[in-house]
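Okay, structure first, notes after.
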Amino acid sequence: MEQKPKNLIALFVICLILIPTLIYGGTTKVSKGQVATVNAPILKRIVVSPKAIQVPVGTSEKGFKDMLEVKAYYKNIAEPKLIKDFMTNFATIKPQKGSKTVVIKYTENGCTKSTKICVTFCKPPIDESTQTAINFPYISGYPDETFRPDQAVTRAELATMIARLLTKNDIPAQQNQFKDVPELKFSTDGINYVTKLGLMKPYADGTFRPTEPVTLTEAREIMPRLAAYLKTTNADVPAGTGDLSRTQAVVLLNKLFDIECDTKNKTSGFSDVTPSTPYYKDIICATQQRTTPRSH
Numbered sequence: 083m084e085q086k087p088k089n090l091i092a093l094f095v096i097c098l099i100l101i102p103t104l105i106y107g108g109t110t111k112v113s114k115g116q117v118a119t120v121n122a123p124i125l126k127r128i129v130v131s132p133k134a135i136q137v138p139v140g141t142s143e144k145g146f147k148d149m150l151e152v153k154a155y156y157k158n159i160a161e162p163k164l165i166k167d168f169m170t171n172f173a174t175i176k177p178q179k180g181s182k183t184v185v186i187k188y189t190e191n192g193c194t195k196s197t198k199i200c201v202t203f204c205k206p207p208i209d210e211s212t213q214t215a216i217n218f219p220y221i222s223g224y225p226d227e228t229f230r231p232d233q234a235v236t237r238a239e240l241a242t243m244i245a246r247l248l249t250k251n252d253i254p255a256q257q258n259q260f261k262d263v264p265e266l267k268f269s270t271d272g273i274n275y276v277t278k279l280g281l282m283k284p285y286a287d288g289t290f291r292p293t294e295p296v297t298l299t300e301a302r303e304i305m306p307r308l309a310a311y312l313k314t315t316n317a318d319v320p321a322g323t324g325d326l327s328r329t330q331a332v333v334l335l336n337k338l339f340d341i342e343c344d345t346k347n348k349t350s351g352f353s354d355v356t357p358s359t360p361y362y363k364d365i366i367c368a369t370q371q372r373t374t375p376r377s378h
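Quick note: the sequence shown uses the working numbering, first residue 83, plus one each step.
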């Protein structure tokens, strides 16, 4: 009779030990003196975007990490988490010709997951000869002869402008990797070019969403990624959390690429852009061919 209560007590103690394991799918290994968190989310995998990227020679590991978007996925949690404290072996890779594999690792609650990205090193493109060659229009208006200066710039428009400026208006043909980017459109090659460089990032579902507006927050995220391609980054994205307008975009890019022009005796050609329009000179410089690209 005395043995039965002892057995029940032993069974109760065993149940107390096993219940957390049954609920949370496992236990967390801890070192002596550490406290285990039994209800911590279980890391399943990490996903890096883009999967392949061109990186200028001389880019620091921080600069490389700024070009990436890494998300962590957890068991029984639908939404992934954007992570910044991931590790890479980028600093050990020699910037030689050809493609290199860089490993991305992330550890949380004692669980480590890794993934890989293909890196191709390239020469930093912008030099003085490239800058003085920027005498072409890199943004256009609309068929109704308007520029719509206060309208939000779209992701397709910004990608195309950046690609044109980086390639001196000669964007190389690209394989289209996005199902929501139509083939043979004005922006197709530009979108794929800037995403290959890691300057703009696709969404987690693999889309680019070309008609979505560029937010001021997104524009600020692009700046450090673009820095390796510029001689100067002496330009600031406007403060706030709204959208980047078409005027704000050309003002920013004109500063970043050191573009100036003589607007004397020139008209915009747009019904909604007159000499009294804010940043009239910047709009002219961005939308018209210039025989003298800079005024100094």
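Glycine included, every Cβ here is placed at the ideal spot set by N, Cα and C. Computed from a predicted model, the values in this text were never measured in an experiment.
Start-to-end residues for the alpha helix (DSSP H) that takes in residue i
i, result
"I159", "Here I159 belongs to no alpha helix (DSSP H); instead the beta strand (DSSP E) covers 159–165."
"F146", "143–148"
"C367", "362–369"
Neighbourhood of residue i by C-beta distance below 6 Å, restricted to the same chain and skipping five residues each side
i, result
"D364", "V332, V333, N336"
"Q233", "R328"
"S211", "Interpretation of S211 is limited by its pLDDT of 46, a score under 50 that renders its predicted location unreliable; no figure is taken from the coordinates."
"L338", "L312, A317"
"T202", "Q136, S181"
"Q116", "The predicted position of Q116 is uncertain, since its pLDDT is 49 and thus under 50; a value taken from the coordinates is nonetheless stated next. Excluding positions up to five away in sequence, the list is empty."
"Q213", "Residue confidence for Q213 is low, a pLDDT of 48 falling below 50, so the modelled location carries little weight; the figure read from the coordinates is stated next. Counting only Cβ-Cβ distances below 6 Å, and skipping sequence neighbours, we find D340."
"T197", "I128, V130, I186"
"I71", "Because the chain in this structure spans residues 83 to 378, residue 71 falls outside the shown range and cannot be described."
Beta-bridge partners of residue i, as assigned by DSSP
i, result
"D325", "T297"
"T170", "I186"
"A234", "S327"
When the options are compared against residue i, the one with the closest alpha-carbon
i, options, result
"G288", "L266, M305, K261, P306", "K261"
"T236", "P292, G145, Q259", "P292"
"D340", "V185, I216, A122", "I216"
"C193", "L248, L125, Q178", "L125"
"P295", "L326, I253, N251, A286", "L326"
"I199", "R302, T369, S181", "S181"
"R302", "Y285, F290, L281", "L281"
"V263", "N251, A241, P254", "A241"
"V276", "A160, Y311, L338, G351", "Y311"
"A238", "D271, I253, F218", "D271"
"K163", "S350, A286, T359", "A286"
"M149", "Y156, Y220, P284", "P284"
Limits of the beta strand (DSSP E) - the one that residue i falls within
i, result
"A154", "151–156"
"R127", "125–131"
"Y188", "181–190"
"Q136", "134–138"
"C343", "Segment: none, C343 is in no beta strand (DSSP E) and carries neither H nor E."
"K195", "193–204"
Close Cβ partners of residue i (< 8 Å) along its chain, the five nearest in sequence each way excluded
i, result
"D354", "T228, F229, R230, P231"
"T323", "T297, L298, T299"
"N171", "V184, V185"
"I175", "K182, V184, V201"
"E143", "T170, F172, A173"
"A321", "L298"
Residues near residue i in its chain [Cβ-Cβ closer than 7 Å; skip 5 each side]
i, result
"F352", "G223, E227, T228, F229"
"E265", "N258"
"T141", "A310"
"I304", "L281, M282"
Neighbour flag for residue i against chain B, beta carbons, 8 Å
i, result
"N251", "The question asks about chain B, but that chain is absent: this structure has only one protein chain."
In chain order, each alpha helix (DSSP H) run of at least 4 residues that lies wholly inside the region 236–281: 237–248, 270–278
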